[in-house]
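Be aware that the sequence shown starts at 1, since it is given in the UniProt record's numbering, and climbs by one per residue.
Below: one structure, written as C-alpha cells.
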Amino acid sequence: MPCPPFTTPNSLTASAHLDHTDSPLETQADSTSWIPLSMGLMNPLGMLSRFHACNLFKKAGLPLLSLILLAHVSANLFFFLIIDPSEVTANYLLGVGRADCTGPVAEVPLMGYANPEQVGSGLLMRLYSRAFIVADLDDSRRVVFVSADIGMVSQRLRLEVLKKLKSKYGELYRQDNVILSGTHTHSGPGGYFQYTLFWITGKGLIRPSLNAIVNGIVKSIDIAHQNMKRGRLFINRGTVENSQINRSPFSYLENPASERSRYSSNTDKEMVMLKMVDENGQELGLISWFAVHPVSMNNTNHLVNSDNVGYASYLFEQEKNKGMLPGEVRVLPSHFRNAKMCMAMGPGNDMFDSTRIIGQNIYLKARELYEKAYQEVTGPLSSAHQWVNMSDVSVELNATHTVKTCKPALGYSFAAGTIDGVGAFNFTQGNLGSRCQYGFIQMGRTWGIPQIDSNPQRHLRTSTAR
1 MPCPPFTTPN SLTASAHLDH TDSPLETQAD STSWIPLSMG LMNPLGMLSR
51 FHACNLFKKA GLPLLSLILL AHVSANLFFF LIIDPSEVTA NYLLGVGRAD
101 CTGPVAEVPL MGYANPEQVG SGLLMRLYSR AFIVADLDDS RRVVFVSADI
151 GMVSQRLRLE VLKKLKSKYG ELYRQDNVIL SGTHTHSGPG GYFQYTLFWI
201 TGKGLIRPSL NAIVNGIVKS IDIAHQNMKR GRLFINRGTV ENSQINRSPF
251 SYLENPASER SRYSSNTDKE MVMLKMVDEN GQELGLISWF AVHPVSMNNT
301 NHLVNSDNVG YASYLFEQEK NKGMLPGEVR VLPSHFRNAK MCMAMGPGND
351 MFDSTRIIGQ NIYLKARELY EKAYQEVTGP LSSAHQWVNM SDVSVELNAT
401 HTVKTCKPAL GYSFAAGTID GVGAFNFTQG NLGSRCQYGF IQMGRTWGIP
451 QIDSNPQRHL RTSTAR
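Below, the structure written as C-alpha cells:
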C-alpha cells in the first residue's frame, strides 16, 4: 500500500512519486464509489460571465447554488451518510461520479502562483474531477455541479466541456444547468487558459493538460448520469478553528472599525455541508464548503497535488475504504506592512506538515457535521445563466455616489501581493497613499498600458485588456 501523502515529508521525492503514477490500480480510479471530493471557487480576473443558480432549496432557507457560484471558497465534497432507512422519502434524483484529470506531471508549469520557475517534476497526489447531478423526481429539471482538482475553471475549459456534453446528450446538459468549479489548488498542471495574462507564466496553451481536465470532467458527469437514483439531501453548519489566516491582515485593518466589529474574526470560519442519501438510506455523499486557501504547498513545490482540501478528502476516503488503495474506492466524498518582512508558512514545520494539519482539521469537522446533519433540504430545483460585461457595470456606493467598473486591470493591491505570496519591488499591503512612484514599463500595445487614475485615492494600475 502506498505511503499516505503529507505524513512523511522527508520521503516525498519527485522520483518516488513519478514511480507512484505507474500503478495500474491508481489509474483505475473512475467510479461512483466512496471517493474524497474537494472543491473550491475563485472568480478569475477579467471573467465576463456569471452563472447564477437560485431557489434550489427553499425550505432549507439557503440559496445553495447561489452560494456555490458566488462565494470564494475551497471545500471538500464527500459522499457519505448514515440514516434510519425507515424514515426515508426521496425528494430528488441524485447521481455522483469521479474521474481522473491529473494530466502531465512533469515539465509543465503549475497553475496558481504565477511563478514560471515552478514546473512540475513528479506526482504527490492524483487529481480528480467529481460530479454530482441533482434532478427533480419527474426529471423535468436538473443541475450538474462539478468540482475538479485544478486552480480554477477557464472559459476555454468550460466551452470545450459543454461542446462534448452537447455531442453526447443534446440539450440535456447546457450552459444554464452545468456548474464547473475548481478546488483552487496551486499545485496542478497549468496551460488550459485562453487569456494572455495566464499564458505569460503558463507557457501558452498546453493541449495535454487541457485535454486531461476536459476528458476527466466529462467522464465524471457520464458516470453520475449513468447512476441516477432517488434520494434525499440534508444540511448542517459548524465552525472550523486553527485552519486559516487573513492573507492581507494590514489591509483588513483599514476597514472601518464599525465594519470589523460585526465579525468575531478577520476570516470566515463557518463550514456548510450537504449530505446525500438514497431512498433506502444508503450513503451517497456529502459536500462541504469552507473558506480556506489551498496554498499550504508553497511556490517551491514541484509535485502535482490537490493541497489541503485534497488531503482532507483523502483522509475521508481512507476511513471509508480500509484496506484499499486510493484508486480503489466504494463511496464518494467531495472537501505586515512590508510583505517580505513577514512570509506566512502555515502551522507546520514545512509545507507538507502544514498541508497535513489543515487538511486533517477540515476532515474532522466535516465528519462531525455529517454525523449530526438532520435538517432536510426540500423544494423545487432551478438554475439560470447570465452574461455580464464586467467592464461596464454601475455600482451605487451610497445615495449620492455611483461609480462604474473599467476594463480589466491589475491594481496596486495585486502588485503588493499577500503574506503567503509577496509581490515584486517595494509595493506594500494596506497602503492608502495617493500616488505610486513607478512609471512602469509599457508591455506592448496588445497587452496592458499602465495608467494612473485621476482619482487621488487610487494607485497605478496596469490594464490587461483594451
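A virtual CB, placed ideally from N, CA and C, is assigned to each residue, including glycine.
Q | Counterpart residues of residue 394 in DSSP-defined beta bridges | A | 404
Q | Bridge-paired residues (DSSP) for residue 238 | A | 271
**Q.** Cα-Cα separation, residue 217 to residue 164
**A.** 10 Å
Q.
Quick check: the Cα distance between residue 104 and residue 205, rounded to an integer number of angstroms?
A. 13 Å
Q: Under 7 Å Cβ to Cβ from residue 469, same chain only, skipping five residues before and after it: list those, please.
A: Nothing about residue 469 can be reported from this structure: the residues present for the chain run from 1 to 466 only.
Q.
Buried or exposed for residue 185, going by 16 or more other Cβ atoms inside 10 Å?
A. buried
**Q.** Rounded straight-line distance, which links the Cα of residue 414 to that of residue 245
**A.** 18 Å
Q) Do the region 131-140 and the region 244-261 touch if we need at least three Cβ pairs shorter than 8 Å? A) no
Q: Report the rounded CA-to-CA distance for residue 311 versus residue 360, giving the unit in angstroms.
A: 7 Å
**Q.** Three-state secondary structure assigned by DSSP to residue 136
**A.** strand
(Q) Give me the DSSP bridge partner(s) of residue 229. (A) 94
Q | Supposed close pair residue 237, residue 271 - CB separation, criterion 8 Å | A | 7 Å
Q. Name the DSSP bridge partner or partners of residue 130?
A. 98, 147
Q: Out of 364, 267, 146, state which residue places its alpha-carbon closest to the alpha-carbon of residue 315.
A: 364
(Q) When you compare the region 254-268 with the region 167-178, are there three or more beta-carbon pairs, one atom per stretch, that lie closer than 8 Å? (A) no
**Q.** Residues near residue 97 in its chain [Cβ-Cβ closer than 6 Å; skip 5 each side]
**A.** 32, 131, 220, 223, 224
**Q.** Contact belief for residue 94 with residue 284 at Cβ below 8 Å, rounded distance in angstroms
**A.** 6 Å
Q) According to DSSP, which residues form a beta bridge with residue 413? A) Answer is none; residue 413 lacks a bridge partner.
Q) Between which two residues does the alpha helix (DSSP H) containing residue 360 stretch? A) 351-371
Q) Buried or exposed: where does residue 159 fall if 16 or more other Cβ atoms within 10 Å of its Cβ makes it buried? A) exposed
**Q.** For residue 121, three-class secondary structure by DSSP
**A.** strand
Q: Using DSSP bridges, identify the partner residues of residue 224.
A: DSSP output for residue 224 lists no bridge partner at all.
Q. According to the Cβ coordinates, are residue 100 and residue 306 closer than 8 Å?
A. no
Q | CA-to-CA distance, residue 178 to residue 141, given in whole angstroms | A | 12 Å
Q. Roughly how many angstroms lie between the CA atoms of residue 176 and residue 379, to the nearest whole one?
A. 19 Å
Q) Using the rule of at least 16 other Cβ atoms within 10 Å of the residue's Cβ for burial, across every protein chain shown, is residue 118 buried or exposed? A) buried
Q.
Give me the DSSP bridge partner(s) of residue 179.
A. 145
Q: Can you tell me the Cβ-Cβ gap for residue 180 and residue 146, rounded? I've got them flagged as a contact below 8 Å.
A: 5 Å
**Q.** Three-way DSSP call (helix, strand, coil) for residue 384 in this model
**A.** strand
Q. Quick one: Cα of residue 281 to Cα of residue 90, how far?
A. 10 Å
Q.
Using only the alpha-carbon positions, how far apart do residue 377 and residue 406 sit?
A. 40 Å
Q) Considering only residues of the same chain and omitting the five flanking positions on each side of residue 396, which have a CB-CB separation below 8 Å? A) 402
Q.
Below 8 Å on the Cβ atoms is my contact criterion, and I expect residue 128 with residue 234 to pass it. Report the Cβ-Cβ distance as a whole number of Å.
A. Not really, about 24 Å apart at Cβ, beyond 8 Å.
**Q.** Of the listed residues 383, 278, 294, nearest to residue 143 (C-alpha basis)
**A.** 383
Q. Taking just the CA atoms, how far does residue 398 sit from residue 257?
A. 19 Å
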